[in-house]
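Each remark here refers to the structure printed beneath this line.
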Amino acid sequence: MKLSPGWTSVVLVILSCLLTPSAARAQGTADALISELESGDGTRCMDAGNATSQHQEHYTAMAAKLAPGLLNILETDGPCASSALSALLNIGPGAAEGAPADRAVPVLVKIIERGTDPESFGLRNSASSAILVVGNYGADAGPAVPVIERWIRSSADYSDRRYGLMALSEIGDPAAPAVPLLLELFAPSAEGDENAYGKEELRREVVQVLGRIPSAAAQSGPVLAAALRGEDWPLIGAASDALASLGAPAVQFVVPLLSDSDESVREGSMKVLVKMGAAAADAAPQIAAHVADENWNVRYSATEALSAIGPTPAVVKALVELVEAGRSEDATTEAMKQLASYGNAARAALPALRKVAAQAKPNAWSTLADAAVEAIKRIEANQ
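For reference, each letter of the sequence shown is one residue, going 516 to 898 in the numbering used here.
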């Protein structure tokens, strides 16, 4: 059907009115989305906020351009502020490029502060979104740590507390003032606690946060190391990863576990040092002492740890001392094999290896002499 020019104009006006409120549902421009959020119309604002979720990849790509406008709306605290906050959350970490921390973090802190009242349900929803957004600023969000602590303390629900833990994890070292609270949350569930399951999940998440705060290793290290002696395997795994993330500051708390009578504890603590790699260099003597551990898994992990650390002078020295001590044939052989794997980097071991190789044959030293000769060949071949 062909419409007259007059009717065509009417139809276009009607379509324009119908499409305007839902424009943000499409993959529009940053300016169009901000315009919808500045309209003050509840439906249009909700549509705009939903658009950033429904077309997240599209709007995330323009996060830096969207962020200043979204922050303007939050600063004025207008009728569409909650939708603007949702949009800021949906577009992710890229927003930090367009809205610098010194401007955004104070605004977000105010929103979180208003939600610390457990009775303010609506405000708490906005606060939880603000907490997740502030986490996107990483270490620059350090000023938000005190209010995040208050949020966590005001939350009886374990799921609610997770938002705060997620933000602290992203903030990292500047979150060190929150470590006492984190250690409180790490305390085991009380007997008969009906929320015990949720509490145990929360404890694992607390451990992950502690692993992101190396400056507080003196406080968290002993607690995390003690967790390796437990029976909760998911918690043990989380503690292992956290200790490895803390690196060198945590080595002193892991080393004593290498002498534990429980072989699973020895193996688990050795695997932490494997993950640390070069950061575990100070533990080289204690690691080397276990290359002939009675448990095969511990022995294997010890050689893995030494390989991960690399042929540092401390590692080579520890292995040479093990060769010279001649504690057992197995220990001496494993130490020489490890030295051989280092090639030229283990040349300081040549005098000790030549001494072993010079032992008369055939006798009990025959196997050792063969291993020593092989190690010498591999080291000299790389000189």
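Glycine included, every Cβ here is placed at the ideal spot set by N, Cα and C.
These numbers were taken from a predicted model, which means no experiment stands behind them.
Using CA atoms only, rank isn't needed, just tell me which of the options is closest to residue i.
i	options	result
Trp-811	Val-835, Ser-822, Ser-779	Ser-779
Pro-661	Asp-675, Tyr-673, Ile-686	Ile-686
Gly-858	Gly-679, Pro-764, Ala-659, Val-831	Val-831
Gly-609	Ala-582, Glu-634, Glu-628	Ala-582
Leu-865	Ala-887, Met-577, Arg-668, His-805	Ala-887
Arg-677	Pro-658, Glu-716, Leu-698, Ala-817	Glu-716
Pro-828	Lys-852, Ile-802, Ala-863, Ala-855	Ala-863
Phe-768	Asp-617, Ala-740, Ser-568, Gly-630	Ala-740
Gly-672	Ala-656, Thr-631, Ala-855	Reading the sequence as shown, one finds Asp at residue 672 and not Gly. Nearest of Ala-656, Thr-631, Ala-855 to Asp-672, Cα basis: Thr-631.
Ala-833	Arg-842, Ser-670, Pro-800, Pro-826	Pro-800
Thr-848	Ala-803, Ser-822, Pro-826, Ala-599	Ala-803
Gln-569	Gln-542, Gly-650, Asp-885, Met-577	Gln-542
Asn-640	Leu-680, Ser-598, Asn-651	Ser-598
Pro-703	Asp-546, Gly-679, Leu-750, Val-620	Leu-750
Ser-670	Val-738, Phe-636, Pro-695, Ala-850	Phe-636
Ala-576	Gly-613, Glu-889, Arg-629, Cys-595	Gly-613
Leu-821	Glu-699, Ala-850, Ala-840, Gln-571	Ala-850
Ala-596	Ala-855, Glu-634, Ser-550	Ser-550
Glu-809	Asp-845, Ala-796, Glu-572	Asp-845
If you follow the alpha helix (DSSP H) that residue i is in, where does it begin and where does it stop?
i	result
Ala-731	Note, Ala-731: premise wrong, no alpha helix (DSSP H); not H, not E.
Ser-644	636-650
Val-770	That residue, Val-770, is in no alpha helix (DSSP H); it is neither H nor E in DSSP.
Ser-760	748-761
Val-806	Note, Val-806: premise wrong, no alpha helix (DSSP H); not H, not E.
Asp-675	673-686
Ser-704	Ser-704 -> no alpha helix (DSSP H), and no H or E assigned at all.
Leu-586	578-591
Arg-869	865-872
Ala-823	811-824
Ser-597	596-605
Ser-617	In the sequence under discussion, the amino acid at residue 617 is Asp, which differs from the Ser named in the question. Taken as a continuous stretch (DSSP letters only), the alpha helix (DSSP H) holding Asp-617 covers 616-629.
Leu-788	778-791
Ser-568	557-569
Tell me which residues share the same chain as residue i and place their Cβ nearer than 7 Å to its Cβ, disregarding the 5 neighbours each side in the sequence.
i	result
Arg-869	Ile-891
Lys-786	Ser-755, Ser-816
Leu-604	Ser-644, Leu-647, Val-648
Gly-657	Ile-686, Pro-689
Ala-753	Arg-719, Val-722, Gln-723
Ala-884	Val-871, Ala-872, Gln-874, Lys-876
Glu-889	Ala-855
Just to confirm, is the Cβ distance from residue i to residue j under 8 Å?
i	j	result
Lys-790	Ala-742	no
Ala-861	Ile-824	no
Asp-688	Ala-733	no
Glu-836	Val-813	no
Leu-552	Ile-588	yes
Val-770	Ala-798	yes
Gly-745	Ala-765	no
Leu-585	Ala-611	no
Ala-616	Ile-626	no
Ala-757	Gly-792	no
Ala-545	Lys-580	yes
Val-738	Leu-698	yes
Which term fits residue i, buried or exposed, when burial requires 16 or more other beta carbons within 10 angstroms of its beta carbon?
i	result
Gln-874	exposed
Thr-882	exposed
Asp-562	buried
Asp-777	exposed
Ala-539	Any answer about Ala-539 is weak, because its pLDDT of 45 lies below 50 and its placement is not dependable; what the coordinates show is given next. The residue is buried, with at least 16 neighbouring Cβ atoms inside 10 Å.
Ser-674	exposed
Ala-690	buried
Thr-591	exposed
Ala-896	exposed
Thr-818	buried
Thr-558	exposed
Ser-554	buried
Ala-853	Looking at the sequence itself, residue 853 is Gln, so the reference to Ala does not match. The residue in question, Gln-853, is buried, as its Cβ has 16 or more Cβ neighbours within 10 Å.
Ser-774	exposed
Pro-826	buried
Ala-705	exposed
Leu-748	Reading off the sequence, residue 748 comes out as Trp, not Leu. Exposed is the call here.
Ala-731	buried
Ala-840	exposed
Here's a check: name, in chain order, each residue in its chain whose Cβ is nearer than 6 Å to the Cβ of residue i, leaving out the five neighbours to either side.
i	result
Ala-693	Val-660, Glu-664, Leu-683
Ala-794	Gly-762, Ala-763
Ser-537	In this prediction, Ser-537 scores a pLDDT of 46, lower than 50, which makes its location untrustworthy; the coordinate-derived value is nonetheless stated afterwards. Counting only Cβ-Cβ distances below 6 Å, and skipping sequence neighbours, we find Asp-562.
Tyr-574	Thr-567, Ile-606
Phe-701	Arg-718, Val-721
Gly-713	Tyr-673
Closer than 8 Å by C-beta to residue i: which residues in its own chain qualify, once you throw out the five before and the five after it? Chain order, please.
i	result
Arg-842	Ala-807
Pro-679	The residue you asked about is not Pro; residue 679 is Gly in the sequence shown. Only Ile-646, Ile-663, Glu-664, Trp-666, Ile-667, Ser-670 meet the Cβ criterion.
Asn-651	Gly-607, Pro-608, Ala-610, Ala-611, Glu-685
Arg-629	Ser-635, Leu-638, Ser-641, Ala-642
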